[in-house]
Amino acid sequence: MISIPAITSVWMAVTCGPLVGLLAAIWSALALFSWFLLSPQTFRQWVTVRLRVQWRTWGIYRGRWATVCTLCGLTAGLDGHVMVPILRSVTIGVTSDVLEVRILTGQSLADWQSRGDALAEALSAQRVTIRSTRPGSIRITAHHGDPLTTPIQLPRPARGTTPDLSRLWVGLTEAGERWRLPLLGQHILVAGATGSGKGSVLWSIIAAVGPAVRAGCARLVVVDPKGGMEFGRGQVLFTSLAHDNGEQTLAALRAVVAVMQKRAQRLRGKTRLHTPSVSAPLIVLIIDEIASLTAYLGDRRTRAEVEQLLGLLLSQGRAVGISVVAAVQDPSKDVLPIRQLFSIRVGLRMSEATQTAMVLGAAAREAGALCDGISTGTPGVGYVCTDGNAEPLRVRAFHVTDSAIDDLVARFAPTRAHPRTAETEGRQS
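Each residue of the sequence shown is one higher than the one before, starting from 1017 at the first, in my numbering.
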């Protein structure tokens, strides 16, 4: 929009004289200033944003592309000519910009990822993520802002509706979109250091499942080995709450395994994935600090039985409507030998770079999942990887306060009107 009055002023100066051109420029400036005062929103949409897009597109990316590639060691020489990767397109966003690049013959995704830090500095970005889109092409996302720095308050789930258990809304992505987490037919592992926000992820899942609990098509079975401190406040929402790492926990696991085996017999040859209903609800087994059951349990016999029961649930439970959601602080194989049985893994802030590979896979850190670089002041921020998709997604779970938990209990506690079956009979405390 500014180019039109600028060109007009120059044309007036050439055709009518410098004084007329100056007056035209002053009039244009006053018109733009008046527009800004009268309608700042439309001024921003038509002027400010477009100026910013043009400046970032040409001033940071296209105008410096050959120089950036040369200084970062991403060009090549052939027959006396310097070959530069082709910058196909630039898309400017609010907090990140996307560059589509055609790389040179002989280059690989790993070559570009290894120069990620240098590219971030050269492109004036906080960090970059580099991913392959098709053979010979990559997508560079330059992050110059972070929408996940401030806590995200839990929205009040709608009462009287049944959520899509394959797309639970549990937070936001770094693109500002809803973080949708599939629960039906999946097992989820949440790993992170103390204070990294594991509770935020677990409570966000519970909140999203709340309407289904109220409707009777989901049941929550919770194991809180820390004495019930984390989940005791929401006990009314749960079919059972085991708050030790002994008999209560064993009883809960045995009960869920029994349901799994009964369902498997009933559904054999009829369907490949159970559909939750009031008579046969989705059972969500939530375990806080699973390592206290698999590694830190003193009694060997109890530990062996717990590991056997968990192995059965993780290997056979998904198809019959049983999902395991577990949190762990130390994801090493010695502590959690069953970690590879979780189809979705969430890596929050971790102490060591090697722990990222333990949870998300060897290639995740190279693809931008820097769990060891997450700030201590952003609990709930992490990266998500799903089996079959090596690209990590950066997200932040909702911040769930005590008052929000009280509201969930008041609005979504299971009603006694729903029939109780042999699968869901019994409540522990």
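Even for Gly, the Cβ is constructed at its ideal location relative to N, Cα and C.
| Query | Result |
| --- | --- |
| Buried or exposed by the 16-neighbour rule on C-beta atoms within 10 Å, applied to His1159 | buried |
| Span separating the alpha-carbon of Ala1082 from that of Gly1161 | 25 Å |
| Buried versus exposed call for Gln1129 [16 or more other C-beta atoms within 10 Å across all chains shown] | buried |
| Identity of the residues DSSP links to Leu994 by a beta bridge | Absent from the model: residue 994. The displayed extent of the chain is 1017 to 1445, so no value can be given. |
| Beta-carbon contacts of Leu1087 that lie in its chain and below 7 Å, excluding the five residues immediately before and after | Ala1138 |
| Beta-carbon proximity check, Thr1107 vs Gly1152, cutoff 9 Å | no |
| Neighbourhood of Asp1113 by C-beta, 6 Å cutoff - its chain only, sequence neighbours within 5 removed | Ala1158 |
| Residues bridged to Leu1181 (per DSSP) | The partner list for Leu1181 (beta bridge, DSSP) is empty, contrary to what the question assumes. |
| C-beta atoms of Val1217 and Val1362 nearer than 9 Å | yes |
| Residues near Gly1262 by beta carbon distance below 7 Å, same chain, minus five either side | Thr1318 |
| Reference Arg1155; option with closest CA among Pro1101, Arg1194 and Pro1171 | Pro1101 |
| Supposed close pair Thr1372, Ala1385 - CB separation, criterion 8 Å | 6 Å |
| Ile1108 - partner residues in DSSP beta bridges | Asp1113 |
| Cβ distance (whole Å) where Thr1375 is taken to contact Pro1347 below 8 Å | As written in the sequence, residue 1375 is Val, which differs from the Thr given in the question. So it is a contact: roughly 5 Å between Cβ atoms. |
| Gly1033 burial status per 10 Å Cβ neighbour count (16 or more: buried) | exposed |
| Straight-line gap, Arg1235 to Gly1089 (C-alpha atoms, nearest Å) | 55 Å |
| Limits of the alpha helix (DSSP H) - the one that Trp1128 falls within | Leu1125 to Gln1129 |
| 8 Å contact criterion, which Ala1413 and Val1186 should meet: CB distance rounded | 6 Å |
| Under the three-state DSSP convention, the category Gly1250 falls into | helix |
| Three-way DSSP call (helix, strand, coil) for Ala1158 in this model | strand |
| Residue closest to Gly1211, alpha-carbon to alpha-carbon, out of Thr1431, Gly1393 and Asp1423 | Gly1393 |
| Per-residue DSSP class, three states only, for Gln1142 | coil |
| Separation of Leu1269 from Ile1204, as counted between CA atoms | 17 Å |
| Residues bridged to Met1099 (per DSSP) | Ala1092 |
| Assigned secondary structure, Gln1296 (DSSP; H/G/I helix, E/B strand, else coil) | According to the sequence displayed, residue 1296 carries Ala and not Gln. The answer is coil: DSSP assigns Ala1296 none of H, G, I, E or B. |
| C-alpha gap between Gly1248 and Arg1131, whole angstroms | 48 Å |
| Where the alpha helix (DSSP H) through Leu1309 begins and ends | Ala1307 to Thr1310 |
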